[in-house]
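In my numbering, the protein residues as written are 9 to 392.
Quick reminder that beta carbons are idealized off the backbone N, C-alpha and C, glycines included.
Model, not experiment: these values are computed from the prediction.
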Amino acid sequence: MTSRGELEHPRLPGVSPGDKVLVTRPTMPGLAEYAGLLEGIWARKWLTNNGAVHEALAARVRAYLDLPHVSLLCNGTAALLIALRLFDLRDGEVVTTPFTFPATPHAITWSGLTPVFADVDAATGNLDPEAVRGAVTPRTRAILAVHVYGIPCDVDGLAAVAREHGLPLLYDAAHTFGARYRGEALAAFGDAAALSFHATKLFSTAEGGALAVRSADREARVNLLKNFGIVDEETVAEPGINGKMSELHAAFGLLQLDGLSAEINARRAIDTVYPERLADVPGIRFPRRPDGYEPNHAYCPVFIDETRFGMDRDDLCRRLRAKGIHARKYFHPLCSQYPCYAAANPPGKLPRAELLARRALCLPIYGGLDPAMAGNVAAILRER
Ligand code: T4K
């Protein structure tokens, strides 16, 4: 899925030969400030396993999310794996969405469970609670929903299905840091919520993640599971893994929290340009954002209806690429169509998700992107 090595043919005003406009760029801490934190790490010679910078970042992340039980992890995938292990889910199925990054279903598979894909709500791209209800069987052990693009799922609908069947409701909240819903961080919803702090995320530790849970006991178990199950030098309680975040990664993140609202504001400016310039174009639709949602502007997805737009998403993507604009087809191919899952999910089984995977295109958005360039990108879409 990487864009490295792609050829570019830049012909857009503002894109110099050799430049590309990528779908996202990471925010970076000041190099001198980072070096300052590294000096402390060098002096302490303490590189990982709950070092001082890790502890400082953990406290800041909890405060930012306003959630008491959040553990830092080495990436969002580890957060998903540990969430699934936390509820001791064995020998069964987990109902999830096909319209996501591979990490979501693969974490289920790596946990010895079977992902069962349910269809999505065409308006948002998020799991449809009715489809989830229809996918629950006696072998279902949990629901794993994704707030795709950071847009809230139907949290009430999913909670109702989970309650009816006595299932844990887990969220892949990888895209949500900085977004709020009904006055709360999205990581506040569900029995556990996994965050990603990957380089491509709004808030990044280069590689990193976190898991939010609802009690001190669960948090203690997460901390055990992320450190091989080690209780003390004499005791290993259970088969944990290495899910820890290093001091170097924590330092990278610690320096970025203060700038987060500026980054969100800069992205909001971009996220205003696209709808302003494109809302009246036939065949371009933006995902619905529910009332009470305060976006983090992590992604700027549009859905291209090929008939009304007069060009399909793939041709549009190629056309943008030819002008140096690297929009991305998040999330295509649909997870249910990967060879490892396709046998159980023949075409036509998940019609709304299949359609969105053919139509979704994420336009470039990051704080350093000049809104005028977003205007240029919108102009290419208008030209079609
Ligand atoms: N759940 C969901 C729903 C997720 O979306 C993800 C990750 C996860 C779980 C797993 O979380 P982690 O275990 O990764 O913490 C990217 C990211 O690699 C991936 O983390 C992310 N989702 C996904 C949505 O996007 P790719 O394959 O598109 O990455 P790549 O390398 O093509 O980068 C995308 C663009 O970002 C490039 O055009 C350029 C830019 N970029 C990328 C990197 C790595 C930079 O400018 N600098 C960089 O260092 O998956």
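Where does S344 fall in DSSP's three states?
helix
Is it the case that the CB of V103 approaches a heavy atom of ligand 1 more closely than 6 angstroms?
no
Which residues in the same chain as R316 place their Cβ atom closer than 6 angstroms to its Cβ, once the five residues preceding and following it in sequence are excluded?
If the five residues before and after R316 are omitted, its C-beta is found closer than 6 angstroms to the C-beta atoms of P290, G291, all from its own chain and listed in chain order.
Tell me the rounded alpha-carbon separation between A196 and C161.
Straight-line Cα distance between these residues: approximately 12 angstroms.
Here's the rule: buried if 16 or more other CB atoms are within 10 angstroms of the residue's CB, otherwise exposed. What is E215?
buried
A83 Cβ short of 6 angstroms to ligand 1 heavy atom set
Per the sequence presented here, residue 83 reads as Asn, with Ala not at that position. Within the cutoff, so yes.
Grouping DSSP H, G and I as helix and E and B as strand, with all else coil, what is H257?
helix
Range of the contiguous beta strand (DSSP E) that encloses V124
122-125
Who are L177's beta bridge partners in DSSP?
I151
Which residues share a DSSP beta bridge with C308?
L371
Tell me whether A365 sits in a helix, a strand or coil according to DSSP, three-state version.
helix
Would you say the beta carbon of P110 comes nearer than 6 angstroms to a heavy atom of ligand 1?
no
Between the region 89-104 and the region 327-341, do three or more beta carbon pairs fall short of 8 angstroms?
Contact between the region 89-104 and the region 327-341 is absent: fewer than three C-beta pairs spanning the two stretches fall below 8 angstroms.
So H114 and T148 are in contact, right, with Cβ under 8 angstroms, and what is the actual spacing, rounded?
Not really, about 19 angstroms apart at Cβ, beyond 8 angstroms.
Considering L81, what are the terminal residues of the beta strand (DSSP E) in which it resides?
78-81
Roughly how many angstroms lie between the CA atoms of K28 and D378, to the nearest whole one?
Taken atom to atom, the span from the alpha-carbon of K28 to that of D378 is near 13 angstroms.
What first and last residue would you give for the alpha helix (DSSP H) that runs through I388?
Looking at the DSSP string, the run of the alpha helix (DSSP H) that includes I388 is 379-391.
N273 classed as buried or exposed, judged by whether at least 16 other C-beta atoms fall within 10 angstroms
exposed
Using only the heavy atoms of ligand 3, determine whether one of them is closer than 6 angstroms to the beta carbon of V128.
In terms of ligand content, the structure shown lacks ligand 3 and carries ligand 1 instead.
Starting from E241, trace the beta strand (DSSP E) in both directions and tell me its first and last residue.
Where E241 is concerned, there is no enclosing beta strand (DSSP E), given that its DSSP letter is neither H nor E.
Contact defined as beta carbons within less than 8 angstroms: I believe K209 pairs with K234. What is the distance between those atoms, to the nearest angstrom?
No, K209 and K234 are not in contact; Cβ-Cβ is about 19 angstroms, not under 8 angstroms.
Counting pairs of Cβ atoms below 8 angstroms between the region 355-363 and the region 129-136, do you hit three or more?
yes
I'd like to know whether the C-beta atoms of S204 and A182 end up nearer to each other than 7 angstroms.
yes
8 angstroms CB neighbourhood of R188 in its chain, flanking five on each side removed
L194, Y301, E302
Through-space distance from F125 to A351, alpha-carbon basis:
12 angstroms
Decide if D136 is buried, meaning its Cβ has at least 16 other Cβ atoms within 10 Å, or exposed.
buried
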